[in-house]
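Chemist:
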Amino acid sequence: MTNTARKQYDALALLSGGLDSILAMRTIMDQGLSVLGLHFVTPFFGKPHLIPFWKEHYGIEVIEVDIRSKYVDMMLDGPSQGYGKWLNPCIDCKITMLTHARELMKQYGAKFIISGEVIGQRPMSQREDALNLITKRADVRDVLIRPLCAKKQPITPMEESGLVDRERLHDWYGRGRKPQMALAKEYGFTEIPTPAGGCCLTEAQGAARFVKLLQEKERPSPNDFSLARVGRQYWAGNHWLTFGRTADDNAQIGACIEPTDYVLKTQGFPGPLAVCRPLDGPWEPEVIKDAAALVASYSTKARRHFDETGELIVIRVKQGDSVEDISVAPSRDNALPWAEPMAEIVKGWKKDQLEIDG
861 MTNTARKQYD ALALLSGGLD SILAMRTIMD QGLSVLGLHF VTPFFGKPHL IPFWKEHYGI
921 EVIEVDIRSK YVDMMLDGPS QGYGKWLNPC IDCKITMLTH ARELMKQYGA KFIISGEVIG
981 QRPMSQREDA LNLITKRADV RDVLIRPLCA KKQPITPMEE SGLVDRERLH DWYGRGRKPQ
1041 MALAKEYGFT EIPTPAGGCC LTEAQGAARF VKLLQEKERP SPNDFSLARV GRQYWAGNHW
1101 LTFGRTADDN AQIGACIEPT DYVLKTQGFP GPLAVCRPLD GPWEPEVIKD AAALVASYST
1161 KARRHFDETG ELIVIRVKQG DSVEDISVAP SRDNALPWAE PMAEIVKGWK KDQLEIDG
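With the numbering used here, the residue at position 13 of the sequence shown is 873, and numbering never jumps.
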């Protein structure tokens, strides 16, 4: 990012990686203006590993912008415009990103900001009244342009000054995708990205996981939310256990490990990496052993070996510099009521928050 920061750009663009945000960038670039895409990353969305692909396939410049802490603070303080169907604060999300983009303008010498919204495309954040509210709250009225629906919005200072040619912008409206697909074909895109999506706050399972965390910890950290997103999530009261389904899950879990975590790994057999995160002091040995028995049950070879021989399975438990091996019988019939968070808890939690705010 250091080298990119020395280069100056005419505009900064919110770049989700979805087709609309790419087309919005290219529409302005077609006018001979230089544009830098800002790919925002939070515990809930962001695909920075795709940045090289986007650069190569779509001819755009993109950098990763980490707003994990700022975004989590917005969530914990309560989004001013509330949530969507699940835990998605779509309006405050866009306000947060635009506000941050405005803060970066001076660093890159940018004269304006680009966003890829289309009026009427999304029911919560892309209604005309919502777009106006976002513009006002983010204080970007004088610097924001939405190229894909610009002709259906009031003229901006950038168009009035002649910096941007309004006639070469678009007048798209609604949920249809035909104009987007036609323009993508015109640009010669051989791989068409899907609409942005990818935010696990809009999904029932993701929302349930995060609500459970919010119920058990007063102010979770960005790392807590990142851990809650991945793999399998089991809770027994305020005892929190995470373990992977795949090698990629295990890698993501490994990246979230904190010094106070108990890290569990099956010895002698392939199995998931597991993390027990204490939220209210150290875990009792019998609780760790119960969690280890559950983790061992998800190692197919370890479970088969136990069933055939009766030999207990060794689980290595690490916490910081401390290492201990314990022996357990793989089991999903545990002493503690381990269970995954269910979507039903989200509605009740949101109702409680409204009553508190009220």
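Just so you know, even glycine gets a beta-carbon here, dropped at the ideal spot from N, CA and C.
Predicted model, so just to flag it, every value in this text is computed and none were measured.
(1) Here's a check: name, in chain order, each residue in its chain whose Cβ is nearer than 7 angstroms to the Cβ of A1162, leaving out the five neighbours to either side.
(2) Taking its Cβ as the centre, do 16 or more other Cβ atoms sit within 10 Å of P1082, making it buried, or is it exposed?
(3) Within the same chain, show all residues whose beta-carbon is closer than 6 angstroms to that of S894, passing over the 5 residues directly before and after it, in chain order.
(4) For I927 and chain C, any beta-carbon pair shorter than 9 angstroms?
(5) Taking 6 angstroms as the limit between beta carbons, can you name the residues of its chain near T862, skipping five residues before and five after?
(6) Please report the straight-line C-alpha distance between I974 and A1153, rounded to a whole angstrom.
(7) Would R1006 be called buried (16 or more neighbouring beta carbons within 10 Å of its own) or exposed?
(8) In chain order, which beta strand (DSSP E) runs of at least 3 residues are fully inside the region 1055–1138?
(9) With DSSP collapsed to three states, give me the class of Q891.
(10) Measure from the alpha carbon of D880 to the alpha carbon of each residue in Q986, A970, S940, then state which is nearest.
(11) Using a Cβ-Cβ cut-off of 6 angstroms (strictly less than) and excluding sequence neighbours within five positions of P1197, which residues of its own chain qualify?
(12) Let me check understanding here. Comparing Cα to Cα, which of G1208, A990, D1181, Q1093 lies closest to E1200?
(13) Exposed or buried, what is I951 when buried is set at 16 or more other beta-carbons lying within 10 Å of its beta-carbon?
(14) At 4 residues or longer, and completely inside the region 961–1027: list those alpha helix (DSSP H) runs for me, N to C.
(15) When you compare the CB positions of L1101 and C1136, do they come within less than 9 angstroms of one another, or not?
(16) Can you look up S1191 in the DSSP assignment and give me helix, strand or coil?
(17) In whole angstroms, what separates the C-alpha of Q967 from that of V1003?
(18) Please classify L1008: is it buried, with 16 or more other beta-carbons within 10 angstroms of its beta-carbon, or exposed?
(19) Can you list, in chain order, the residues of its chain whose CB lies under 7 angstroms from that of E1000, leaving out five sequence neighbours each side?
(20) Check whether the region 925–936 and the region 896–907 touch, using three or more Cβ-Cβ pairs below 8 angstroms as the test.
(21) Nearest CA to the CA of V1071: which residue from T995, L936, S1159, I1052?
(22) For A865, does the three-state DSSP call read helix, strand or coil?
(23) For K1178, which residues does DSSP report across the bridge?
(24) If we count the other Cβ atoms within 10 Å of its Cβ and call it buried at 16 or more, is V1090 buried or exposed?
Modeler: In terms of the structure at hand:
(1) Cβ contact annotation for A1162 (same chain, cutoff 7 angstroms, sequence separation greater than five): T1126, F1129, G1131, A1156, I1173, P1190, in chain order.
(2) By the 10 Å Cβ count, P1082 comes out buried.
(3) Leaving aside the five residues that flank S894 on each side, the residues in its chain whose CB is nearer than 6 angstroms to its CB run, in chain order, Y869, D870.
(4) Here there is only one protein chain, and chain C is not present.
(5) A caution first: T862 carries a pLDDT of 45, below 50, which makes its placement in the model too unreliable to give a value.
(6) Computed Cα separation, rounded: 52 angstroms.
(7) R1006 is buried by the Cβ-count criterion.
(8) Correct list: 1092–1096, 1099–1103, 1122–1126, 1133–1137.
(9) Three-state result, Q891: coil.
(10) In terms of CA proximity to D880, Q986 leads the group Q986, A970, S940.
(11) Cβ-Cβ distances below 6 angstroms link P1197 to A1096 in the same chain, with the five nearest sequence neighbours on each side left out; the list follows chain order.
(12) By alpha-carbon distance to E1200, the top candidate from G1208, A990, D1181, Q1093 is Q1093.
(13) Under a 10 Å Cβ-count criterion, I951 is classified as buried, with 16 or more other Cβ atoms of the shown protein chains found around its own Cβ.
(14) DSSP runs (the alpha helix (DSSP H)) wholly in the region 961–1027: 988–997, 1017–1020.
(15) Contact flag set, yes.
(16) Three-state DSSP puts S1191 in coil, outside helix and strand.
(17) Distance between the alpha carbons of Q967 and V1003: 15 angstroms.
(18) Classification of L1008: buried, given that the 10 Å Cβ count is 16 or more.
(19) For the record, residue 1000 in the displayed sequence is Val; it is not Glu. The answer, listed in chain order, is L958, R962, I973.
(20) With a cut-off of 8 angstroms, the region 896–907 and the region 925–936 count as touching, because enough Cβ pairs lie within range.
(21) Residue L936 holds the alpha-carbon nearest to the alpha-carbon of V1071 among T995, L936, S1159, I1052.
(22) The pLDDT assigned to A865 is 48, lower than 50, so where the model puts this residue is not dependable, and the model offers no usable value.
(23) Answer is V1123, V1183.
(24) Flag for V1090 reads buried.
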